[in-house]
Structure formats: structure tokens, C-alpha cells
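Working notes for the structure below.
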Amino acid sequence: MPSRPAEMPIRSIARVVMIVVVAVLILYLIYLLRKPIGWVLTATFIAIALSGPVNRLGRHMRRGFAITVVYLGLILVPAGLTAIVVPPLVTQGTDLAQNLPQYANDIRDFVNKNERLRKLDDKYDITGSINKQADKLPARIGDAAKVLGDIGLGLVNSVFALVNILILSIFIVAGGRRWTDAALGLRPELERRRLRRVLDDTAAAVGGYVRGALTIALIAGVQAFIVMEILGVPFAAPLAVLAGLLSLIPLVGATVAAVIIGLVTLFNDFPTDTIIWAVWAIVYQQIENNVIQPQVQRRTVQVQPFIVLVAVLFGSTLIGILGAIVAIPLAASLQIVVREWWDWRQEVRLAQIRDPEGPQPPGPPGSAPPDDEGGTGIILPAT
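In UniProt numbering, the protein residues as written are 1 to 383.
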């Protein structure tokens, strides 16, 4: 019997060591599989975002055909944007490089007409440096073409990942509801209803955010194109597409697009176009922040501004621009889970007050059921 007290600590230590080793192995396995795991998460996000249009079309046609139509639209829209952006970008970029010496001369003439700028130029030779760089730029078009070729090669290498992500998302859209129903069927009835509500609310929040973001991006691109066409700014179509895409980035995207377009106006009709664009950009951002965004996302994602800021900062720090884009729907999903957990806690408290020795409400989403209920606790995403 004296050996028994010594056996328990050894057994406990061995158990702790085993748990630590298994945890380290799991983390290492996740690290090795980080790329396909990222693909699966991206595919799940796309599937949730597209499940709304698929479900709506599925009411009027077979679901397989609805999935085909939605994914064809998903593929054709970027292809159409590329067809809009690339040809004029190449043509006008070449023209810009060839005409840049003339633009540099215009800047020099403008500086010579202003006494204060002329003194600064005499001291620092700003226009001389601009002229030298402008004269060299046409000869560097070949280097730029080489850089674009390298970028194209990188895009080709990314096609494999894109195809896999799309295929995974199609499988999730096609079978996600059946998988979710099968998993929820393993849970108790009351908990099943709560889990279903969490999954449905999360899917609605993600889909609503994506729809709202795309609507705002479309409005941002259209208004930028109209204003640039009125001002006669070059690269109007590519810059409008850029403004729409950058507006998908929360908080800073619209400002970055406005600054880029403002720099282009410097080469068109400075300072008139630059001043008009700066004033319009400020006015439009106020309209977007106070009118468009609240109206578009009023019935979709309801997240506090402080949570939005923190989520975007965390997401952008962890995984860059993609993290900033998905941070808000993730924050909305977390808010839904916390709300359901809080409601469950309140139900437990009320049940204990009414009947301290009676049965307790089911646990929060994902919690382990009582021993007599069984279940695996596996929860698949709702689509």
C-alpha cells in the first residue's frame, strides 16, 4: 500500500506530459497544413456569402443549376473587370510614360510663374530632378514590362489555389445544409434549436455584410467614374474599379483610393482638378459614412463602431488586407455567439431560482451534453 501514493503522482504527471505532447503535435500539424486550412476557411466564407443568392435562385430552379449560375457570375465579374482595367491601363500607362517629359515641363513652367516656388526650386533644384527622371522613364518601359510579366507568372501560380477554393466552396454550398442537419441531429432538441439559430444568424450576418460591402463598392466606383469623366481625368475606368475594390477595405480603403486618384489629377489640370476632386472626396466620404453605409447595412450586420475598429486592427495585423475585410463579419458572428451564450446563462439562472433541484437548460452552443444524451459535438457551417 505505501507504493499507491507514489503511483498517482506518476500517473498524473504522465497524463499531463501526454496532453502537452499531443497539443504540441496538433499545433505542429496545423502549422504544416496552414495553407489548405486557409483554403478551407476561405471556401467556407465564400460558400456562406453565396448561399443567399443560391437559395433565392433555388426557389425558381433546380439547386444544381442555381449553384452553376451563381458561380458563373462569380467568375465572370472579375473577368469583366479585368477586361475593363487592363487594356486602357496598358495603353494609357504607355502614353503617360511617353508624355511625362511634357508634364514635367508644365510643372516647371508653373513653378517659374510662382515667386515662392521659384525660390524653393532655385535652392533645391526640384524641377531639374523631375525632368531627369521623366527623361529616363520611357527607356524603363521594358523593365516595367518585365515586372508585369513576373506578376502575371505569380497570378498563374495562384490559379491552382483559386480553383481548389472554388471547388471546395461549391461542395460546401451543395452539401453544407445536409451536413449541418446531420450534425445537429446528434444534439438534444433544445440545444439543437439554439445551435440552428446561431448558425442561421451567423450565415445571415456574413451574407448581409458581403452584399452590403459589394453595394457600397459599386456606388463608390460609379461615383468616382462619373466625377473623373466630368473632370477629364485619365485612367477613369481603371481608377473607378480601383476605388470600388479599395472601398471593400474598412475604414481606410476609401481614403487610400481618394489619395491615389488625387495624385493622378495632378497630371491633368492642376490645381483645378485636384481641388475639385479633394472637395468631392471629402463630401462623398461623409455621405457614405453617414447615409449610404447605415442604409445599406441597417438590416444586415449590427456591430458597434469600437468593435469594428478593434476587429479591423486585429484582422489586418494577423493576415493583412484579407483579415481587415473578413474582420467585421467575424466580429458579427462572435457577437451572435456571445449573445446566445448570455441568453443561455440567463435561462440557467432563472431555472435555478424557480426550481433549484430541477433539470437545467441545455448548455451553450458547442458545449458537451449530459452523459445520458450522447453526441459528438461536431458542428459544421450552415450555408
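For glycine and all other residues, C-beta sits at the position ideal for the given N, C-alpha and C.
Proximal residues to residue i (C-beta, below 6 Å), its chain only, five neighbours per side dropped
i           : result
residue 374 : Summary for residue 374: the model assigns pLDDT 40, below 50, so the residue's position carries little reliability, and this model does not support an answer.
residue 236 : 225, 228 and 229
residue 17  : none
residue 81  : 241
residue 268 : 233
residue 70  : 50, 53 and 54
residue 74  : none
residue 211 : none
Close-in-space but distant-in-sequence residues of the same chain around residue i (CB under 7 Å, 5 per side omitted)
i           : result
residue 43  : 165, 168, 169 and 172
residue 219 : 292
residue 207 : 48, 49, 51 and 52
residue 66  : 54, 57 and 58
residue 174 : 67
residue 30  : 37
residue 278 : 262
residue 221 : 240, 241, 243 and 244
residue 11  : none
residue 259 : none
residue 40  : 168
residue 342 : none
residue 15  : none
residue 159 : none
N- and C-terminal bounds of the alpha helix (DSSP H) containing residue i
i           : result
residue 273 : 272 to 287
residue 48  : 34 to 58
Spatial neighbours of residue i in its chain, beta-carbon cut-off 8 Å, leaving aside the 5 residues before and after
i           : result
residue 230 : none
residue 25  : none
residue 317 : 323
residue 336 : 198, 201, 202 and 205
residue 314 : 323 and 327
Beta-carbon spacing of residue i, residue j below 8 Å
i           : j           : result
residue 329 : residue 209 : yes
residue 265 : residue 233 : yes
residue 223 : residue 254 : no
residue 197 : residue 340 : yes
residue 307 : residue 331 : yes
residue 248 : residue 217 : yes
residue 326 : residue 250 : no
residue 333 : residue 205 : yes
Report the start-end ranges of each beta strand (DSSP E) in the region 203 to 278 that is 3 residues or longer and not cut off at the edges. none
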